[in-house]
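Residue numbers (the numbering used here): 159 to 492.
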């Protein structure tokens, strides 16, 4: 098995195929993930700006591996110092290791974040340095978060998402409401993302990507599946399409499948919409001959049938409308 430095060097090599470099970066995160694998991956993808289409900006992979390696170097130096200390302790007859030192041996649990979308946003090396200094004190009952310094009760930090630190570590379940599969594919939300609904049922959201907030990426989630292709688009026409979907959800009665046109960022898909008494049923598949669908798209030749409660569509619109109104004053009600 290759070492972290060897895998990091390969992941940062611009001469290698970007998709291969992405898997090498994954291997590095498996070896060193201070927030847990899911949250550390999310942090690196967000901070480095890694696109769903990794070929578009392969340099982002270099930025991600550089940030991870920088943080690991701090931990590794501390580990080497610990090993030297243990050598001296064993020579003096002390063979039992202090349980409080376990954080050095399990870097994946250095600062576990149960919600993979909520973690410290500072550069990883800054936070790891702060954590090392805090762990050195051994004050596991400190009333402030060791990652960000926020006063907090015992439990998850409300500011940065880090779970209370203590010498008795355990692996954490992922409590995020956002599907991990989409995070793996770099479908990321930011602090500027606005929208409504639950991605596990039905959600509409928009992330401004330019100085002009009317342009960015628009996304629809149906039963945990992302439908948009994450390319830049104008918000206005998608608001109109979403309003029509909400109207369809509010209109009672059964209706047979019909083609559904959702706009430019959904052009790679063939979508039909069917109505039952309680549900709207989206059936989606990739158009034959589509050149470069997003990584979360259905496999060519397959279709996904995604039923969603009418009430979930209406709830998403009720929550998203005021959020979009703030970006497009007067448009959502026109």
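No residue lacks a Cβ here, since even glycine has one placed at the ideal position from N, Cα and C. Note that the structure is predicted; figures quoted are calculated from it, not measured.
Exercise. What are the partner residues of residue 190, as DSSP defines its beta bridges?
Worked result: Mapped onto the chain shown, residue 190 falls at position 32. Looking at the DSSP output, residue 190 bridges to nothing.
Exercise. Contact between the stretch 458-466 and the stretch 437-449: three or more CB pairs below 8 Å?
Worked result: yes
Problem set entry | Boundaries (first-last residue) of the alpha helix (DSSP H) holding residue 293 | Here residue 293 is taken as the residue at index 135 of the chain shown, counted from 1. 282-295 is the extent of the alpha helix (DSSP H) around residue 293.
Problem set entry | N- and C-terminal bounds of the alpha helix (DSSP H) containing residue 390 | As a first step, residue 390 is located in the chain shown; it is residue number 232 there, counting from the start. From DSSP, residue 390 is part of no alpha helix (DSSP H); its letter is neither H nor E.
Exercise. Around the Cβ of residue 161, are there at least 16 other Cβ atoms within 10 angstroms (buried) or fewer (exposed)?
Worked result: On the chain shown, residue 161 is found 3 positions in, with the first residue counted as 1. Residue 161 comes out exposed.
Exercise. Do you know how far the Cα of residue 215 is from the Cα of residue 343?
Worked result: Reading the chain shown from its first residue, position 185 is the one you call residue 343. Reading the chain shown from its first residue, position 57 is the one you call residue 215. Their Cα atoms are separated by approximately 15 Å.
For this session: Please determine, among 295, 296, 176, 194, the residue with the shortest C-alpha to C-alpha distance to residue 333.
Result: The sequence position of residue 333 within the chain shown is 175, counting from 1. Ranking the options by Cα distance to residue 333, first place goes to 194.
Exercise. Does the pairing of the stretch 210-225 with the stretch 240-258 give three or more beta-carbon distances under 8 Å?
Worked result: Not touching, per the Cβ criterion.
Problem set entry | Residue of 361, 229, 375 minimising C-alpha distance to residue 390 | As a working mapping, residue 390 is identified with position 232 in the chain shown. Out of 361, 229, 375, 375 has the C-alpha closest to the C-alpha of residue 390.
Exercise. What whole-angstrom Cβ distance do residue 456 and residue 444 have, given they're in contact under 8 Å?
Worked result: Counted from its first residue, the chain shown places residue 456 at position 298. Counted from its first residue, the chain shown places residue 444 at position 286. Between residue 444 and residue 456 the Cβ distance is about 6 Å, and since that is below 8 Å, they are a contact.
Problem set entry | Per DSSP, the bridge partner or partners of residue 433 | Here residue 433 refers to the residue found at position 275 of the chain shown. Its beta-bridge partners are 413, 438.
Exercise. Taking all protein chains shown into account, do 16 or more other C-beta atoms lie within 10 angstroms of the C-beta of residue 354, making it buried, or fewer, making it exposed?
Worked result: Along the chain shown, one-based indexing puts residue 354 at 196. Buried.
Exercise. Helix, strand or coil for residue 490 per DSSP?
Worked result: Position 332 of the chain shown, counted from the start, is the residue given in the question as residue 490. Confidence at residue 490 is low in this model, with a pLDDT of 49, below 50, so its placement is unreliable and no value can be given for it.
Exercise. Are the stretch 168-183 and the stretch 219-230 in contact at 8 Å, needing three or more beta carbon pairs?
Worked result: yes
Exercise. Is residue 305 near residue 285, with beta carbons less than 7 Å apart?
Worked result: Walking along the chain shown from the start, residue 305 turns up at place 147. Walking along the chain shown from the start, residue 285 turns up at place 127. Yes, Cβ-Cβ distance for residue 305 and residue 285 is below 7 Å.
For this session: Measure the alpha-carbon distance for residue 307 versus residue 229 and round it to whole angstroms.
Result: In the chain shown, counting from the first residue as 1, residue 307 sits at position 149. In the chain shown, counting from the first residue as 1, residue 229 sits at position 71. So the two alpha carbons sit approximately 19 Å from each other.
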